[in-house]
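Protein chains in written order, with this note's numbering: chain A, 1 to 302; chain B, 1 to 423.
Even for Gly, the Cβ is constructed at its ideal location relative to N, Cα and C.
For reference, the structure discussed in these notes is given below.
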């Protein structure tokens with residue numbers, strides 16, 4: 001496939017900016033209003049996943065909880081296909097742990113367990129660590145990209161990267177999807193992918209900048225459009241293949257990485273989108289502002 | 001012809017090595033707890049007595065003792081790591097008696113000196129722990145790490161112990177002259193020598209007919225028990241082996257389906273160069289497994305995810321190269337010169353974009369814990385290998401085919417004649 005026509009990405013970016021700003025505001029509102037649906041990694045309590053050889057109902061499990069002395073409102077039972085998930089709002093004590101296992105084994109002797117327990121202190125720390133990791137990554141990226149390219153590219157790339165990370169967080173907040181430790185891993189990967197994707201396009205802009213002098217905003221916009229168009233097929237193909245990998249993981253992967261893959265799928269779409277519609281036009285904006293001898297061309301509010 | 005021969009030899013030899021070694025390698029990959037079942041506990045260490053400080057050394061020593069203790073319980077390959085200033089992460093795979101292990105791990109084996117003073121007259125066949133009911137000295141009375149192996153006059157191995165407070169020991173021994181002072185490790189009696197005189201130098205000796213190995217083992221156990229850190233469970237995760245296996249199988253199946261779709265896409269899109277790219281991707285995956293086995297890394301579920309996603313990212317390197325070559329052909333270059341130029345300029349693009357991703361991975365590795373760390377490690381290793389295989393190897397193979405004149409038409413790169421602009 002090869003497009004004969006060139007798309008005007010600079011023009012399209014205005015709608016993209018509006019779209020992203022609206023989504024960002026929606027995300028901020030959602031986060032402020034409901035926060036995130038934290039999984040057990042972020043909330044004190046125990047999460048018990050049991051694989052069974054038959055289907056059980058919540059009613060069958062309830063007596064087990066009574067037996068270990070957990071009140072009905074302190075546990076949430078979600079039966080599934082040959083499995084059951086029990087979420088406790090309090091951390092199970094060791095003897096409760098053992099009792100629970102032996103009681104469920106009475107129901108089904110082939111049961112297999114996955115029990116996770118987290119101290120709220122630990123959870124807060126995990127979240128803090130993740131935010132530090134993102135900020136420190138940003139500094140690392142700024143230094144490297146400033147050396148290899150220039151600071152305007154670095155700044156635009158960082159904005160795009162934070163945009164992608166925030167979009168995933170926002171969507172998880174809006175749709176009340178569960179956030180676990182692997183969600184952090186997913187967001188960090190999205191950041192890695194986003195920067196990778198952006199740099200490939202920036203590399204082409206850098207290359208094209210070497211030929212000819214761009215004086216006006218029009219010249220720069222034309223160069224940017226041309227560069228993005230040159231990389232368009234690559235961006236689409238790459239986004240497609242990485243998307244396939246994440247999508248199949250989401251579709252067929254194990255239960256524990258389902259949410260991870262979903263975050264990846266969403267992040268990948270935003271990653272590819274932001275490289276073209278956010279990072280590149282932003283660079284143009286920074287670059288144009290810097291030129292003192294701008295002609296009284298069309299005022300840009302992009 | 002020589003180049004075609006080189007190409008064929010390289011591909012055949014690589015394919016042969018991969019086919020021959022893969023089954024063995026796959027068995028050699030160390031799986032994490034989430035994949036093979038087991039449990040993980042994160043301990044927070046605190047000083048036994050208020051006011052004491054946790055040092056790096058005492059934390060490391062506690063971790064070492066935990067490991068020894070886990071080994072002593074007969075668990076397979078326990079993994080113990082220290083984290084931060086006061087945490088220890090313990091991973092034990094394939095344990096059936098989880099409750100017991102957990103209990104044993106938490107309570108340090110403690111050395112006590114006990115006497116029978118004031119105890120009830122022992123029953124006929126009473127256990128030693130019932131006979132000696134009064135505890136005279138406890139673990140913290142002994143010098144930390146103070147047990148050592150020595151020899152008595154008969155050249156029999158003995159274990160020397162040092163008591164912190166000489167006076168206290170002197171008082172105890174003075175009081176018990178003529179009686180037995182039993183030495184217990186947890187509830188097991190090691191020996192019960194009779195006190196002959198008051199001991200003022202603060203030294204005690206455990207003798208018995210020990211072999212040197214046994215003596216060393218007892219010394220280690222005592223030193224473990226004498227550690228000054230208290231451990232509290234902060235976090236625990238336990239995974240049944242079946243659940244873990246099921247996750248792994250599903251994830252691998254998902255990965256294989258995804259990979260096949262990607263390979264078909266590459267070949268359909270780029271023809272012969274697409275086949276070379278696919279070959280590069282397969283070598284890349286094989287090398288990754290090889291690194292895992294050689295470096296003895298542990299593969300966890302997030303690691304598998306990084307692994308599969310990394311394949312997607314490695315494809316990017318091939319796409320960038322091939323798109324670049326197409327572009328050069330469209331601009332009117334000959335196939336030979338287009339491949340040369342395409343390889344060269346795509347290399348810089350790939351390097352810059354991959355290094356930025358490595359920076360992100362390195363930060364995750366440095367700041368992450370547990371799952372995040374495992375994920376970052378796979379990502380970094382994968383990117384480095386991707387540069388080797390999907391840049392150097394595929395570029396090399398492509399050049400061989402071009403120079404050997406097997407690839408000489410723009411059509412073979414998926415470029416139509418009509419798209420080529422005359423120079």
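- request: Tell me whether the beta-carbon of residue 56 of chain A lies closer than 7 Å to the beta-carbon of residue 79 of chain A.
  value: Yes.
- prompt: Is the region 165-174 of chain A touching the region 328-339 of chain B, taking contact as three or more C-beta pairs under 8 Å?
  reply: No, the region 165-174 of chain A is not in contact with the region 328-339 of chain B.
query: Which residues in the same chain as residue 24 of chain A place their Cβ atom closer than 6 Å to its Cβ, once the five residues preceding and following it in sequence are excluded?
result: Close CB contacts of residue 24 of chain A within its chain, under the 6 Å cut and outside five residues either way in sequence, are absent.
- request: Just the chain E side, please: which residues come within less than 8 Å of residue 142 of chain A by C-beta, in chain order?
  value: Absence of chain E from the displayed structure is noted, the protein chains being A and B.
task: Taking the CB atoms as reference points, tell me whether residue 383 of chain B and residue 357 of chain B lie closer together than 7 Å.
output: Note that the C-beta distance between residue 383 of chain B and residue 357 of chain B is below 7 Å.
task: Given a cut-off of 7 Å, decide if residue 134 of chain B and residue 162 of chain B are closer than it, judged by their beta-carbon atoms.
output: Not closer than 7 Å, so no.
task: Report buried or exposed for residue 23 of chain B, applying the criterion of at least 16 other Cβ atoms within 10 angstroms of its Cβ.
output: By the 10 Å Cβ count, residue 23 of chain B comes out exposed.
Complete beta strand (DSSP E) runs within the region 217-285 of chain B (minimum length 3 residues, chain order): With a minimum length of 3 residues, the continuous beta strand (DSSP E) runs that stay inside the region 217-285 of chain B are 229-239.
- prompt: Does the Cβ of residue 286 of chain B have 16 or more other Cβ atoms within 10 Å, making it buried, or fewer, making it exposed?
  reply: By the beta-carbon neighbour count (other beta carbons within 10 angstroms, threshold 16), residue 286 of chain B is buried.
- request: Note down, in chain order, every chain A residue with its Cβ under 8 Å from the Cβ of residue 348 of chain B.
  value: Neighbours of residue 348 of chain B in chain A, taken as residues whose beta carbon is under 8 Å from its own, are 203 in chain order.
- prompt: From the beta carbon of residue 296 of chain A, is the nearest beta carbon of chain B less than 7 Å away?
  reply: Confidence is the limiting factor: at residue 296 of chain A the pLDDT is only 44, short of 50, which leaves the residue's position unreliable and the question unanswerable from this model.
- prompt: Starting from residue 394 of chain B and walking both ways along the beta strand (DSSP E), at which residues does that stretch end?
  reply: It is not in any beta strand (DSSP E) - residue 394 of chain B instead sits in the alpha helix (DSSP H) that spans 394-403.
Per DSSP, cross-strand counterpart(s) of residue 488 of chain B: The structure shown has nothing for residue 488 of chain B, since chain B only spans 1 to 423.
query: Closest to residue 234 of chain B by CA distance: which of B:87, B:165, B:64 is it?
result: Here the closest residue by C-alpha is B:87.
message: Taking the alpha helix (DSSP H) that residue 78 of chain A belongs to, which residues open and close that run?
response: It is not in any alpha helix (DSSP H) - residue 78 of chain A instead sits in the beta strand (DSSP E) that spans 75-80.
query: Roughly how many whole angstroms lie between the Cα atoms of residue 298 of chain A and residue 152 of chain A?
result: Note that residue 298 of chain A has pLDDT 45, beneath the 50 cutoff, so the model's placement of it is unreliable and no number is given.
task: To the nearest angstrom, report how far apart residue 279 of chain A and residue 160 of chain A are at their CA atoms.
output: Residue 279 of chain A and residue 160 of chain A have their C-alpha atoms some 5 Å from each other.
message: Looking at chain B, is there any beta carbon in it that lies within less than 7 Å of the beta carbon of residue 188 of chain A?
response: Residue-level contact check: residue 188 of chain A touches chain B, since one or more beta carbons of chain B fall below 7 Å from its beta carbon.
field: Beta carbon proximity, residue 105 of chain B to chain A, threshold 7 Å
entry: No, no contact with chain A.
- prompt: Any idea if residue 18 of chain A is buried or exposed, counting beta-carbon neighbours within 10 angstroms, 16 or more meaning buried?
  reply: Around the Cβ of residue 18 of chain A, a 10 Å sphere holds fewer than 16 other Cβ atoms; the residue is exposed.
Three-state class that DSSP yields for residue 93 of chain A in the structure shown: In the three-state reduction of the DSSP assignment, residue 93 of chain A falls in the coil class.
query: Using a beta-carbon distance below 7 Å, is residue 307 of chain B in contact with chain A?
result: No, residue 307 of chain B does not count as interfacial toward chain A.
- request: Give the residues of chain B in contact with residue 208 of chain A, contact being defined as C-beta atoms less than 8 Å apart.
  value: By Cβ distance, chain B contributes nothing, its closest Cβ being about 12 Å from residue 208 of chain A, past 8 Å.
query: Given residue 209 of chain A, which residues of its chain have a CB within under 8 Å of its CB, disregarding the five upstream and five downstream residues?
result: Only 223 meet the Cβ criterion.
message: Below 8 Å, how does it come out for the region 273-288 of chain B and the region 255-273 of chain A: are there three or more Cβ pairs, yes or no?
response: Not touching, per the Cβ criterion.
task: Have a look at residue 182 of chain B and residue 165 of chain B and give me their C-alpha separation to the nearest angstrom.
output: Looking at the two C-alpha atoms, the distance is approximately 19 Å.
task: Could you tell me whether any Cβ in chain B is nearer than 7 Å to the Cβ of residue 7 of chain A?
output: No, no contact with chain B.
task: Give a yes or no on whether 7 Å exceeds the smallest Cβ distance from residue 302 of chain B to chain A.
output: Chain A, which has a Cβ nearer than 7 Å to the Cβ of residue 302 of chain B, makes this yes.
- prompt: Around the Cβ of residue 105 of chain B, are there at least 16 other Cβ atoms within 10 angstroms (buried) or fewer (exposed)?
  reply: Classification of residue 105 of chain B: buried, given that the 10 Å Cβ count is 16 or more.
- request: Indicate whether the contact test is met: 3 or more Cβ pairs, each with one atom in the region 191-203 of chain A and one in the region 140-159 of chain A, closer than 8 Å.
  value: Two segments are said to touch when three or more pairs of C-beta atoms, one from each, lie closer than 8 Å; by this definition the region 191-203 of chain A touches the region 140-159 of chain A.
Residue closest to residue 85 of chain A, alpha-carbon to alpha-carbon, out of A:189, A:107, A:46: If you compare the alpha carbons of A:189, A:107, A:46 with that of residue 85 of chain A, the shortest gap goes to A:46.
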